[in-house]
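In what follows, a structure is listed as structure tokens, so that the remarks can point back to it.
In my numbering, the protein residues as written are 105 to 257.
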């Protein structure tokens, strides 16, 4: 997989504008379809995180929507994410990396994300969203992560 973007943080802000504009241009679509996934913000304000992402990417010319997967039960129920295969960019927001990992690890939702990426979608993770994509992550202690990017922590 070579269409994964790791962002240190500051998603949906001016400091990421040049990078995100380039990212959308690289998708080679007039109005790329973007899915904002605020799972890591589930214990904070996930609806606000999703709204910020949707408004931000819409302002850049994308057609953005959110997929609110806030807990493991939702990550295991395809009715919550049946449209994931229709998007060009999947964006995991920042927040709580432990919650994100516990929610996504070895679920049908993560399998659907992985399949979408293998078929050409781009996956971006910011802060917590980036932390969980490697093979290991540190949150109070080292632990296995999702492993989309091998030999990384």
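Every residue gets a Cβ at the ideal spot worked out from N, C-alpha and C, and that includes glycine.
Model, not experiment: these values are computed from the prediction.
Determine the DSSP secondary structure at residue 254, reduced to helix, strand or coil. coil
Residue 228 and residue 109: beta carbons closer than 8 Å? yes
Given this structure, state the Cα-to-Cα distance separating residue 157 from residue 115, to the nearest angstrom. 8 Å
Other residues of its chain near residue 113: CB distance less than 7 Å, five sequence neighbours each side excluded: Within its own chain, the residues whose Cβ lies closer than 7 Å to the Cβ of residue 113, once the five positions on either side in sequence are excluded, are 198, 230, 231, listed in chain order.
Taking 6 Å as the limit between beta carbons, can you name the residues of its chain near residue 237, skipping five residues before and five after? 229, 250, 252, 253
Take residue 153 and list the residues in its own chain whose beta-carbon comes closer than 6 Å to its own, dropping the five residues that flank it on each side. 142, 145, 197
Beta-carbon proximity check, residue 193 vs residue 226, cutoff 8 Å: yes
First through last residue of the beta strand (DSSP E) which encompasses residue 163: From DSSP, residue 163 is part of no beta strand (DSSP E) but of the alpha helix (DSSP H) over 150-163.
Among 181, 187, 177, which residue has its Cα nearest to the Cα of residue 170? 187
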